[in-house]
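Presented below is the structure to which this report refers.
In structure tokens:
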């Protein structure tokens, strides 16, 4: 029992420290595949993150050299 207690306590302490220090407010979505279906699959997650007060940006590449930027405000 005690053999497992130290790793569990260590994991809990690290988790608490990470939760206190990590604040991801600026999130950039860059789809690996430039098809509308891949972009549409990310939109619900992007919208939900935006609703939770994150700054969300989505970069879409449709043609080589052409960039379209979508930003939730």
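In mature numbering (1 follows the signal peptide of the UniProt record, and there is no 0), the protein residues as written are -24 to -1, 1 to 49. Beta carbons: idealized from backbone N, C-alpha and C, even for Gly.
(message) Taking only three categories from DSSP, how would you classify residue 15?
(response) helix
(request) Report yes if the CB atom of residue 7 is closer than 9 angstroms to the CB atom of residue 25, and no otherwise. (result) Note that the C-beta distance between residue 7 and residue 25 is not below 9 angstroms.
(request) For residue 32, name the three-state secondary structure that DSSP assigns. (result) strand
(message) So, for residue 4: in the same chain, excluding its five sequence neighbours on each side, which residues have a beta-carbon less than 6 angstroms away from its beta-carbon?
(response) 33
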